[in-house]
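Asker: Numbering (the UniProt record's numbering), first residue to last: 1 to 713.
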């Protein structure tokens, strides 16, 4: 059955014995990434939509159900169907954002079904109804107090879609992806005759262990190769290792072994051009027990002692992995970047760490290596983020795996620092993008992260407590505060257009991180009336008040130490100039917090100026804007125009292929620039923007097609 058939004409519910939604963010990310990879292997911008019918299909596995009257009860497969249903709700909002109303209506008929004169969600679970109606329509949607664990997990899943959905699927590819998802992705429905038979099938599939997983099969393979004399000891080591890992999470044993194999044995590319994992990594992320059997020679598994050695090495590395897993979920200052990377969706950070450590490393050396590698990934994430370069969890996972090949060999801490420092020095992007960076339709989580890091750094530097875990708490006790209220009329004539007003209001320099209760109480008060409230908040907020520096020795010392007098100061009036000054402050703080010399050694990392022209931003298209410039089809500085509903928007192509809009922000893709000017969640950038070429205004997709037809690119 296609996904469209799975969701057509059904009213699904859960039977009483069926577990509720249990998937975490990692599971949702993996499903999205699996679908993305299969789709982009087939899609090209030049295709018409009918071409989608020839794309390779994708099988998502079976689900089990039984029918009672008008209700279809799910027996098995609820996790995937729940996630797919949530994806359909999200995709409907993206289609609406692109004015693809007919396509959105097609999804509406799958999201809801009409039975006996009543419209209900196709997956009809009472506590989810209001959530599904509202979650993607409001960026500030928050769960009600006392929400169940299942609803909280569903909310986490919705945030993966909102905050991490791939850029290349939100742009020109969106309607093609939706067509393929509905017609090319399939499941097999297995119908039980009765509820009782459904229970029997559920019990056999989930309780009796009839389906051996990769962990069980790997255990069987390794222990069968260990001689009788040592088999009992090896089995005990294995059992204890799995027990300790499973105590953290039911999936931790499998995730650890995958991470270990990638870190120690997989062939990985070390270049920066690949958008995909190597074949080894793909296979390990699937049936890893089969990969070990197929690569036994490479792993030097020939004798009984070799298999016992592997079990012992796994057990030793499992203890290191458990330390990292704990640091990823519980904030520990000495491994803070491990926590930050987990927050930002980097699920593969343990692979390069396990690649870099050696059996002889003591705890101090292990943590020093982990910190170096995690600090590097955090630095790359933040620099990419502010420059509008690919910075999703999946993008940084590819960077983490790329590091694996560079870090193997068990080098000491100092040598590892040199290797990582060279990687930092080779980065061709710095914090230049901070000049205009701000809150957009799809980056609220990342902006909150930046504000948390900046706020936390100033607080701890001024001898206040470390509240970082509270700043980033998923329950959001702290929220983003706009210093400018959403009142366009107050800022006239300084911001003559809504576009300019929105641009400045949403810039990072016009934002603070405040406690949720305080943020809500300010509502749309004028700035002058909020100043006294700000004075009672964190230093970045309180510094706006003229009295904050009075008798405040720790704060004054911090300002003097970092030469911030010009930018970290009071503003009796908060105008555009004040926002630009605060933007400069935040960039200066980024340079301090993520200073490579501090983390990786001043004598190793050279001072460098970012060469933006080296940074290609193809977003996985065959041809990028910079290619059109290189072949003379677009002049440097080409003027772009986009129109929607009688409004006209202007932009310029920079010499590195980036797109700069009229308010000064620059973007790595046409779609991102379009989303910004339209203030929307999705934009087909190649089709939206037109180039002004003399007396012609061709859409950029037409310029691109011309280049391909002439064989120029």
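The beta-carbon is built from N, C-alpha and C at its ideal position, and this holds for glycine as well.
#1: Between residue 548 and residue 448, what straight-line distance do the alpha-carbon atoms span, to the nearest angstrom?
#2: Please classify residue 285: is it buried, with 16 or more other beta-carbons within 10 angstroms of its beta-carbon, or exposed?
#3: Taking the alpha-carbon of residue 456 as reference, which of 484, 583 and 538 has the nearest alpha-carbon?
#4: Going residue by residue through the stretch 129-162, where are the continuous alpha helix (DSSP H) segments of at least 4 residues, counting only ones entirely within it?
#5: Please confirm whether residue 25 and residue 156 have their CB atoms less than 8 Å apart.
#6: Could you give the distance in angstroms between the alpha-carbon of residue 42 and the alpha-carbon of residue 55?
#7: Tell me whether residue 124 sits in a helix, a strand or coil according to DSSP, three-state version.
#8: For residue 479, does the three-state DSSP call read helix, strand or coil?
#9: Under 8 Å between the Cβ atoms of residue 651 and residue 673?
#10: Secondary structure at residue 612, three-state DSSP: helix, strand or coil?
#11: By a C-beta neighbour count over all protein chains shown, 10 Å radius and 16 as the cutoff for buried, is residue 498 buried or exposed?
#12: For the putative contact between residue 347 and residue 397, defined by C-beta atoms under 8 Å, what is the C-beta separation to the nearest angstrom?
#13: Verify whether the separation of the beta carbon atoms of residue 413 and residue 594 is less than 8 Å.
#14: Using only alpha-carbon positions, find the residue among 67, 313, 334 and 356 that is nearest to residue 415.
#15: Have a look at residue 626 and residue 51 and give me their C-alpha separation to the nearest angstrom.
#16: Helix, strand or coil for residue 250 per DSSP?
#17: If you draw a straight line from the alpha carbon of residue 433 to that of residue 503, how long is it in whole angstroms?
#18: Compare the beta carbon distance of residue 586 and residue 454 with 8 Å and say whether it is the shorter of the two.
#19: Hey, how far is the Cα of residue 85 from the Cα of residue 123?
#20: Whole angstroms are fine: how far does the CA of residue 345 sit from the CA of residue 11?
#21: Among all the DSSP beta bridges, which residues are the ones paired with residue 118?
#22: Ignore the nearest five residues each way along the sequence and tell me which others in residue 373's own chain have a CB closer than 6 Å to its CB.
#23: May I have a chain-ordered list of the beta strand (DSSP E) segments no shorter than 3 residues that lie completely inside the stretch 274-346?
#24: Could you tell me the alpha carbon to alpha carbon distance between residue 279 and residue 77, rounded to whole angstroms?
#25: Check whether the Cβ atoms of residue 683 and residue 671 lie closer than 8 Å to each other.
#26: For residue 183, collect the residues of the same chain with a Cβ closer than 6 Å to its Cβ; drop the 5 residues on either side in sequence, then sort them by chain order.
#27: Measuring only the C-alpha atoms, how far is residue 7 from residue 104?
#28: So, are the CB atoms of residue 59 and residue 186 less than 8 Å apart?
#29: Mind checking if residue 147 is an interface residue toward chain E, Cβ cutoff 8 Å exclusive?
#30: Apart from the five residues just before and just after residue 61, which ones in its own chain have a Cβ nearer than 6 Å to its Cβ?
#31: Suppose you measure from the CA of residue 217 to the CA of residue 276; what does that come to, to the nearest Å?
#32: Using the Cα positions of residue 678 and residue 98, report the straight-line distance between them to the nearest angstrom.
#33: Give me the Cα-Cα distance between residue 288 and residue 442, rounded to the nearest whole angstrom.
#34: Let me make sure I understand the geometry here. Which of 70, 508, 364 and 417 has the alpha-carbon closest to that of residue 117?
#35: Leaving aside the five residues before and after residue 264 along the sequence, list all residues of the same chain whose C-beta is less than 7 Å from its C-beta, in chain order.
#36: For residue 357, which three-state DSSP category applies?
Answerer: By the coordinates alone:
#1: Counting from 1 along the chain shown, the entry for residue 548 is found at position 548. Counting from 1 along the chain shown, the entry for residue 448 is found at position 448. Cα to Cα, residue 548 sits roughly 24 Å from residue 448.
#2: Taking the first residue of the chain shown as position 1, residue 285 is located at position 285. That one is buried.
#3: As a first step, residue 456 must be located in the chain shown, where it is residue number 456. The shortest C-alpha separation from residue 456 is found at 538.
#4: DSSP runs (the alpha helix (DSSP H)) wholly in the stretch 129-162: 129-134.
#5: For the purposes of this step, residue 25 is taken as residue 25 along the chain shown, with counting starting at 1. For the purposes of this step, residue 156 is taken as residue 156 along the chain shown, with counting starting at 1. Yes, the Cβ-Cβ distance between residue 25 and residue 156 is below 8 Å.
#6: Within the chain shown, the letter at position 42 stands for residue 42. Within the chain shown, the letter at position 55 stands for residue 55. When rounded, the distance between both Cα atoms is 6 Å.
#7: Translated into the one-based positions of the chain shown, residue 124 becomes position 124. Secondary structure of residue 124 (DSSP, three-state): coil.
#8: Mapped onto the chain shown, residue 479 falls at position 479. Note: residue 479 maps to strand in three-state DSSP.
#9: Residue 651 sits at position 651 when you count from the first residue of the chain shown. Residue 673 sits at position 673 when you count from the first residue of the chain shown. Cβ atoms of residue 651 and residue 673: closer than 8 Å.
#10: Here residue 612 is taken as the residue at index 612 of the chain shown, counted from 1. In this predicted model, residue 612 has a pLDDT of only 42, less than 50, meaning its place in the structure is not dependable enough to derive any value.
#11: As a first step, residue 498 must be located in the chain shown, where it is residue number 498. With fewer than 16 other Cβ atoms within 10 Å, it is exposed.
#12: One-based indexing of the chain shown puts residue 347 at position 347. One-based indexing of the chain shown puts residue 397 at position 397. Cβ-Cβ separation between residue 347 and residue 397: approximately 6 Å, consistent with a contact (criterion under 8 Å).
#13: Against the chain shown, residue 413 aligns to sequence position 413. Against the chain shown, residue 594 aligns to sequence position 594. No, the pair does not count as a contact, with Cβ atoms beyond the cut-off.
#14: For the purposes of this step, residue 415 is taken as the residue at position 415 of the chain shown. The residue with the shortest Cα to Cα distance from residue 415 is 356.
#15: Translated into the one-based positions of the chain shown, residue 626 becomes position 626. Translated into the one-based positions of the chain shown, residue 51 becomes position 51. The alpha-carbon atoms of residue 626 and residue 51 are separated by roughly 27 Å.
#16: What you label residue 250 is simply residue 250 of the chain shown in a count that begins at 1. In this structure, residue 250 counts as coil in the three-state DSSP scheme.
#17: What you label residue 433 is simply residue 433 of the chain shown in a count that begins at 1. What you label residue 503 is simply residue 503 of the chain shown in a count that begins at 1. So the alpha carbons of these two residues sit roughly 14 Å apart.
#18: As a first step, residue 586 is located in the chain shown; it is residue number 586 there, counting from the start. As a first step, residue 454 is located in the chain shown; it is residue number 454 there, counting from the start. Cβ distance < 8 Å, so residue 586 and residue 454 count as in contact.
#19: Position 85 of the chain shown, counted from the start, is the residue given in the question as residue 85. Position 123 of the chain shown, counted from the start, is the residue given in the question as residue 123. Rounded to whole angstroms, residue 85 to residue 123 spans 7 Å at the Cα level.
#20: Residue numbering aside, residue 11 sits at position 11 when the chain shown is read from its first letter. Residue numbering aside, residue 345 sits at position 345 when the chain shown is read from its first letter. So the two alpha carbons sit approximately 33 Å from each other.
#21: Counting from one through the chain shown, the residue named residue 118 turns up at place 118. 115, per the DSSP bridge assignment.
#22: On the chain shown, position 373 is the one that residue 373 refers to. Counting only Cβ-Cβ distances below 6 Å, and skipping sequence neighbours, we find 352 and 353.
#23: none
#24: Residue numbering aside, residue 279 sits at position 279 when the chain shown is read from its first letter. Residue numbering aside, residue 77 sits at position 77 when the chain shown is read from its first letter. So the two alpha carbons sit approximately 28 Å from each other.
#25: Numbered from its first residue, the chain shown carries residue 683 at position 683. Numbered from its first residue, the chain shown carries residue 671 at position 671. Cβ atoms of residue 683 and residue 671: closer than 8 Å.
#26: Working through the chain shown from its first residue, we reach residue 183 at position 183. Same-chain partners within the cutoff: 2.
#27: Walking along the chain shown from the start, residue 7 turns up at place 7. Walking along the chain shown from the start, residue 104 turns up at place 104. So the two alpha carbons sit approximately 15 Å from each other.
#28: For the purposes of this step, residue 59 is taken as the residue at position 59 of the chain shown. For the purposes of this step, residue 186 is taken as the residue at position 186 of the chain shown. Yes; because the gap between Cβ atoms is below 8 Å, this pair is in contact.
#29: The question asks about chain E, but that chain is absent: this structure has only one protein chain.
#30: Here the question's residue 61 lines up with position 61 in the chain shown. Nothing listed; no residue qualifies.
#31: Taking the chain shown and counting its residues from 1, the one referred to as residue 217 is at position 217. Taking the chain shown and counting its residues from 1, the one referred to as residue 276 is at position 276. Taking the straight line joining both Cα atoms gives about 28 Å.
#32: Taking the chain shown and counting its residues from 1, one reaches residue 678 at position 678. Taking the chain shown and counting its residues from 1, one reaches residue 98 at position 98. Rounded to whole angstroms, residue 678 to residue 98 spans 10 Å at the Cα level.
#33: As a working mapping, residue 288 is identified with position 288 in the chain shown. As a working mapping, residue 442 is identified with position 442 in the chain shown. Going from the Cα of residue 288 to the Cα of residue 442 covers about 35 Å.
#34: For this step, residue 117 is matched to residue 117 along the chain shown. The residue with the shortest Cα to Cα distance from residue 117 is 70.
#35: Within the chain shown, numbered from 1, the residue matching residue 264 stands at position 264. Closer than 7 Å at Cβ, skipping near neighbours: 354 and 355.
#36: Sequence index remark: in the chain shown, residue 357 carries index 357 (1-based). Three-state result, residue 357: coil.
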